[in-house]
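A quick write-up on the structure given underneath.
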Amino acid sequence: MATDDTGAALAADPAAAVDPAAAVRSAAEAEFDALTGRLGIDVPADLKGGVLAGYRGLRDMTVLLRGVDTGHRPGRDPRTGNDEERPGA
Amino acid sequence: MPDMPSARQATALHELSVPEAGALLRSGELTSVELTRHALDRIARLDPALHAFILVTERTALERAEAADRDLRAGTDRGPMHGIPYALKDIFDAEGVPTTNASWLRTGDVARTDSTVERRLRAGGAVGLGKLTTFEFAVGGPSFDLPVPPARNPWSEEHVPSGSSSGSGAAVAAGLTRVTIGSDTSGSTRGPAFHCGAVGLKPTYGRVSGHGAQTLSRTLDHFGPLTWTVADAAAALQVVAGADPADPRTAGAPVDDWTAALGRGVAGLRVATSPGWYADDPLTMPEITTGIERALGVLAGHGAAVEEVTLPPYDVFNACGRVVFAAEAFAVHQDDLRRSPRSFGRYTYQRVMPGAGIAAADYLRAMDVRQWLKRQLDETVFDRHDVLVTVCGQTTAARWSDFPENWPPPKLANDMQTIPFSVTGHPALSLPIGFAADGLPIGLQIVGRAHDEATVFRVAEVLEAELGERHRRPRLQDIDDAGGNS
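Chain order of the listed sequences is W and S.
Using the working numbering, you'd call the opening residue of the first sequence number 77 and step up by one each time.
Using the working numbering, you'd call the opening residue of the second sequence number 2 and step up by one each time.
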């Protein structure tokens, strides 16, 4: 998920240099700002804290999911989209 | 089933189950108009404090009740919900009335046609009472910045009813109606059922059509009944289930006779249990762990074989569901999030907006994991067992004061272990099993094989009879009639 934008933001954030948790928060915020900027979405400042808290949680979850061994090799599995449409089928 | 004439005489009408009321309607000892007037009267007296209803359609309810009575007198029986009042979560369209989604963005939206759920209930002779409060767009939270106030928990004014089918839980617990239809994307029917002491069924994915209902997350959305008893849920599902050409998610699986499945007991069934998900978690209330153990003892006493299983880690199910949910919910609402962020409730915005950050690769990865989890659940549990009995909520209802200005609240206010079966699509039912020391309802979750709601109902019915305390209603002080509670 890291972007050049994120790296630039990290270098410019003095808190990130001394606090790893702050670095993660800064990286997530920069990343999210870049993504929403591309979508043309401007998150109101007073709502941003809750949004970023949610985004950081999702970010951790995507990392967790990448580590799950499902035995599936992307690009080598002829599964159809219907499997995802009907998870209970 | 109690003797019919005495049941009619001794029991308030809202305490008649759907099959009991149906038998009285068919014998001519009760009319749908009487049943409907009783419900409307309770709504008028109790709902101003509960806020379970967004809209009460009194005139059309009485018209439909009169039609139901006429049909029965003429010998036309439209099925298990004929003449029975119900209400819809206000995400389902019903022709001619608004579908507000409890949102400023939808306050003027009058439905031009029925949702499939409403159409089937109407064709089944059921009597729509109106629309029920929901968290905004079936997501959000217990919010005070929406066009309608949040529903209250009838068991305690200090506690939330949970959501998002919050009005459904409140209305059923307070005896305003026996039957509601809700939606469940990650637990939105099972959660309020658990925290309001009602029965909440998330059927198999695709079992009930979502045509004409607000989409939240198209591959996680399920639609189903939230009711007072298991028999009520079976009757309601009987009417609303089935393939629908208007919703390609609906499965071609046959609609079983679920009401006939009741009364068959659990002897010979194989029951799996998974204490590893909750028993050692300090967040889980001891009464819930012991309640589940007691329930397993009941099933064993009725001839079921109980065996402990080890499931894949809960955190993987949760992560998978959250990532899919976030990406799909954002996709639904992105235009409004861009154009009109202030039109959303604060919680809704903060819950949906993070999905903007999910990359396509991560969404597809979550979908791969999802298929793996479904296979794991089938191999671990359902290859050798008929049902899984597990935790539903880990604590009783959260307090209003647990919810801060910004989402998310602390985990204790969001403690449901319901999302795994939204991820896999298996049918899952939230069943009340009594009360915790704080006086609030507790329950458990019964999960079945895909399309095997019948076995879920069988297990639930046995447990309900022994642990469900269906005679016990919330005491709605100062507003309820003296005879309505116990």
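Glycine residues also receive a C-beta, built at the ideal position from the N, C-alpha and C atoms.
{"Asked": "For the beta strand (DSSP E) containing S/Ala273, name the first residue and the last one.", "Found": "271-274"}
{"Asked": "Can you tell me which of the three DSSP states S/Tyr87 falls into?", "Found": "strand"}
{"Asked": "From S/Phe138, S/Ala124, S/Arg74, pick the residue whose C-alpha is nearest to that of S/Ala103; which is it?", "Found": "S/Phe138"}
{"Asked": "If the cut is a Cβ gap below 7 Å, which residues of chain S does W/Gly113 touch?", "Found": "Those within 7 Å of W/Gly113 in chain S number zero; the least Cβ separation is about 10 Å."}
{"Asked": "Residues of chain W with CB closer than 8 Å to the CB of S/Ile359, please, in chain order.", "Found": "Leu134, Thr138"}
{"Asked": "DSSP beta-bridge partners for S/Asp185?", "Found": "S/His223"}
{"Asked": "Between the alpha carbons of S/Gly170 and S/Asn154, how many angstroms are there, rounded?", "Found": "8 Å"}
{"Asked": "When the Cα of W/Gly133 is compared with those of S/Val353, S/Gly440, S/Leu445, which residue comes out closest?", "Found": "S/Val353"}
{"Asked": "Say whether chain S places a C-beta atom closer than 9 Å to the C-beta of W/Arg142.", "Found": "yes"}
{"Asked": "With 9 Å as the threshold, decide whether the Cβ of S/Tyr87 is near any Cβ in chain W.", "Found": "no"}
{"Asked": "Is the beta carbon of S/Gln351 sitting closer than 9 Å to the one on W/Gly126?", "Found": "yes"}
{"Asked": "Could you compute how far the alpha carbon of S/Gln446 sits from the alpha carbon of S/His452?", "Found": "16 Å"}
{"Asked": "According to DSSP, simplified to helix, strand and coil, what is S/Met286?", "Found": "coil"}
{"Asked": "Grouping DSSP H, G and I as helix and E and B as strand, with all else coil, what is S/Gly435?", "Found": "strand"}
{"Asked": "For S/Glu470, which of helix, strand or coil comes out of DSSP?", "Found": "coil"}
{"Asked": "How about S/Ile44 and S/Val34: do their beta carbons lie closer than 9 Å?", "Found": "no"}
{"Asked": "Does the distance from the CB of S/Ala40 to the CB of S/Pro86 come in under 9 Å?", "Found": "yes"}
{"Asked": "How far does the alpha helix (DSSP H) with S/Lys412 in it reach, from first residue to last?", "Found": "That residue, S/Lys412, is in no alpha helix (DSSP H); it is neither H nor E in DSSP."}
{"Asked": "Alpha carbon to alpha carbon, what distance is there between W/Thr112 and S/Leu432?", "Found": "41 Å"}
{"Asked": "With S/Glu96 and S/Thr108 assumed to form a contact (beta carbons below 8 Å), what rounded beta-carbon distance in angstroms separates them?", "Found": "Incorrect: roughly 18 Å between the Cβ atoms, too far for contact."}
{"Asked": "Kindly say whether W/Asp118, judged by its beta-carbon, lies nearer than 9 Å to any beta-carbon of chain S.", "Found": "yes"}
{"Asked": "Rounded to the nearest angstrom, what separates S/Asn486 and S/Trp156 at their Cα positions?", "Found": "Its pLDDT being 35, under 50, S/Asn486 is placed unreliably by the model, and the measurement read from it follows with that caveat. Looking at the two C-alpha atoms, the distance is approximately 12 Å."}
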